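Worksheet: the structure to be examined is printed underneath.
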Amino acid sequence: MSLTAKHIIAAVATAPLPSGVAVIRLSGSGCKALADTLCPSFTKVKARVMHYAPIKDEAGNVIDEGLWVWFKGPNSFTGEDVVEFHGHGGRAVVQAALEAFYKAGAKPAEPGEYPRRAFINGKMDLTQAEGLADLIEAKTEQQRQQALRQMNGELGTTFETWRTELMHLVAHAEAAIDFPDEELDVLQEGNFAAKVDDLLETFKKAQQNQSGQRLREGFEVAIIGKPNAGKSTLTNLLTGKETAIVSPIAGTTRDVVESHLDIAGYPVILADTAGLRLTDDVIEAEGVNRAGKRAKQADYVILLVDAADWPTLPPEATEFMAGKHGLVVVTKIDETKADVQNFVNINGQDYPSLAADLTQPETLDTILAELTKALDNLVAEASEAAHLNRQRHRDAVASAMTHLLQAKSLFDQTAAGGHFSADMLAQDLREAAQSIGQVTGRTDVEDVLDLVFSTFCIGK
Numbered sequence: 002m003s004l005t006a007k008h009i010i011a012a013v014a015t016a017p018l019p020s021g022v023a024v025i026r027l028s029g030s031g032c033k034a035l036a037d038t039l040c041p042s043f044t045k046v047k048a049r050v051m052h053y054a055p056i057k058d059e060a061g062n063v064i065d066e067g068l069w070v071w072f073k074g075p076n077s078f079t080g081e082d083v084v085e086f087h088g089h090g091g092r093a094v095v096q097a098a099l100e101a102f103y104k105a106g107a108k109p110a111e112p113g114e115y116p117r118r119a120f121i122n123g124k125m126d127l128t129q130a131e132g133l134a135d136l137i138e139a140k141t142e143q144q145r146q147q148a149l150r151q152m153n154g155e156l157g158t159t160f161e162t163w164r165t166e167l168m169h170l171v172a173h174a175e176a177a178i179d180f181p182d183e184e185l186d187v188l189q190e191g192n193f194a195a196k197v198d199d200l201l202e203t204f205k206k207a208q209q210n211q212s213g214q215r216l217r218e219g220f221e222v223a224i225i226g227k228p229n230a231g232k233s234t235l236t237n238l239l240t241g242k243e244t245a246i247v248s249p250i251a252g253t254t255r256d257v258v259e260s261h262l263d264i265a266g267y268p269v270i271l272a273d274t275a276g277l278r279l280t281d282d283v284i285e286a287e288g289v290n291r292a293g294k295r296a297k298q299a300d301y302v303i304l305l306v307d308a309a310d311w312p313t314l315p316p317e318a319t320e321f322m323a324g325k326h327g328l329v330v331v332t333k334i335d336e337t338k339a340d341v342q343n344f345v346n347i348n349g350q351d352y353p354s355l356a357a358d359l360t361q362p363e364t365l366d367t368i369l370a371e372l373t374k375a376l377d378n379l380v381a382e383a384s385e386a387a388h389l390n391r392q393r394h395r396d397a398v399a400s401a402m403t404h405l406l407q408a409k410s411l412f413d414q415t416a417a418g419g420h421f422s423a424d425m426l427a428q429d430l431r432e433a434a435q436s437i438g439q440v441t442g443r444t445d446v447e448d449v450l451d452l453v454f455s456t457f458c459i460g461k
């Protein structure tokens, strides 16, 4: 798709058909005149005023009746003239209406073409376009809130602030080029080294902050424990359905059973794993291996321990829970008494612990409360750092850090008496700024545009 497009586009902007109402959106210079050919009474309608009238084909036959409205650019979503027809959402009705628009001169919109035009016309930056896509796809309340913040410019403002700071550093470096006899003094007077260090620290914290991406894709929670500790029972309790097979036969679960949940508005990917034990069964052994891998990559680990084994923990648990947020649940207390304190120490780290009978309804509320508190804390811990929620954001920051480190190395060598090249310094800084600018689209990045807007549905 070219960066600029002048033709009129048309597509359905509402949910998949059939539906009660369908909105067909046109965008582009001349779209009102095009609409006039299908709805002659639309000619004198004022902008932003709904008008009830039929839509007719080229032969004058009525296709449907509905509401028409138009928005004069640049005061529209795309920044261009926009016309919308709000009609009935039957497949045949919508197809006939679209065909009428196409025959009148409109072209089918490509996926993401509407927000792409909005970007080109300065109505939004790339992060806002991504926020719009995430808002459409949001399945939980926390996803909705994050997407709305991004669509309103929160992330874009952060990246633009970083780019501006980098461009100020570029200006310092270029000033040094203009004064070759005093280039080092020029940079030192501008606190150049300290500003570079501050940006590097900011970028490092942003890279370490996983909460934005987790809110978008899901927090990973792994349930681990020895065979028959109640892992599958807890999985079924949390999902509210028979997700995993529950059996007294040890080793029933041999692979990771994954479920997607909404817990207090947070998207959660729950993983029920194979029981931790030594086994000669090759397939079960692979299941145990996968359990370990899943626990190590999880954001939160729930360790189940049979009351009959308490306080002895599976030896693998100390490895899998190292450095993790987690919860220890002592199960089957209806069968065996167990002295369970509020916390248990594993590898020098205190984990909240509780005694539970997984057959009792109140157990679910207790575990959900602990999990919700943990998710709140995971997000709060990273609240001061930027929430990078896509890999391309992380790639851009990583690239900027690489160029900044090169600039820092060059400056440090100069301060130590080495050869100095203000030109090379300025180039590294410009490339760092360009990397950051790609996230919002403040650089020439048509390939990045294709990547961002291809994720949209047609009509969005």
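The sequence shown begins at 2 in the working numbering and counts up by one. The C-beta atom is built at its ideal place from N, Cα and C for all residues, glycine as well. Fair warning: this is a prediction, and the values are worked out from it, not measured in the lab.
Per DSSP, the unbroken beta strand (DSSP E) holding Pro353 starts and ends at 350 to 356. With contacts defined as CB atoms closer than 7 Å, Ala357 and Thr364 qualify as a contacting pair. The criterion of a C-beta distance shorter than 7 Å is satisfied by Ile10 and Ala110. Measuring C-alpha to C-alpha distances from Glu100 to each of Asp256, Ile64, Lys140, Ala148 identifies Ile64 as the nearest. A straight line joining the alpha-carbon of Tyr103 with that of Thr141 spans about 37 Å.
When DSSP assignments are scanned along the segment 15 to 66, the uninterrupted stretches of alpha helix (DSSP H) that are 4 or more residues long and fall wholly within it turn out to be 32 to 39. Annotated as proximal: Leu127 and Thr441, with beta-carbon spacing under 7 Å. By the Cβ-count criterion, Lys7 is exposed, with fewer than 16 other Cβ atoms from all chains shown falling within 10 Å of its own Cβ. Among the bridge pairs identified by DSSP, Thr332 is matched with Asp307. Per DSSP, reduced to three states, the secondary structure at Glu85 is strand. Secondary structure at Glu202: helix, using DSSP grouped into helix, strand and coil. Where Asp273 is concerned, the enclosing beta strand (DSSP E) starts and stops at 267 to 273. Asn290 and Val329 have their C-alpha atoms spaced approximately 21 Å apart. In this chain, the beta strand (DSSP E) harbouring Ala11 covers 10 to 13.
When the five nearest sequence neighbours on each side are left out, the beta carbons in the same chain lying within less than 6 Å of the beta carbon of Met125 are those of Ala119, in order along the chain. Counting the other CB atoms within 10 Å of its CB gives Met51 a total below 16, which places it among the exposed residues. Taking C-alpha positions only, Gly21 is separated from Ala272 by approximately 38 Å. Burial check for His261: the Cβ neighbour count within 10 Å stays below 16, so the residue is exposed.
The residue from Leu369, Glu317, Leu314, Lys297 with its alpha-carbon nearest to that of Gly324 is Lys297. As far as DSSP is concerned, Val380 takes part in no beta bridge. With fewer than 16 other Cβ atoms inside 10 Å of its own Cβ, Asn343 counts as exposed.
Exposure of Glu336 is indicated by the presence of fewer than 16 other C-beta atoms within 10 angstroms of its C-beta. Residue nearest to Arg215 within the set Gln144, Glu259, Glu161 is Gln144 (criterion: CA-CA distance). Here Leu279 is exposed. Its C-beta has fewer than 16 other C-beta atoms within 10 Å.
Distances from the alpha-carbon of Pro268 to those of Thr313, Asp377, Val331, Lys294 put Asp377 closest. The Cβ neighbour count for Arg49, taken over all protein chains shown within 10 Å, is under 16; the residue is labelled exposed. In this chain, the beta strand (DSSP E) harbouring Gly226 covers 220 to 226.
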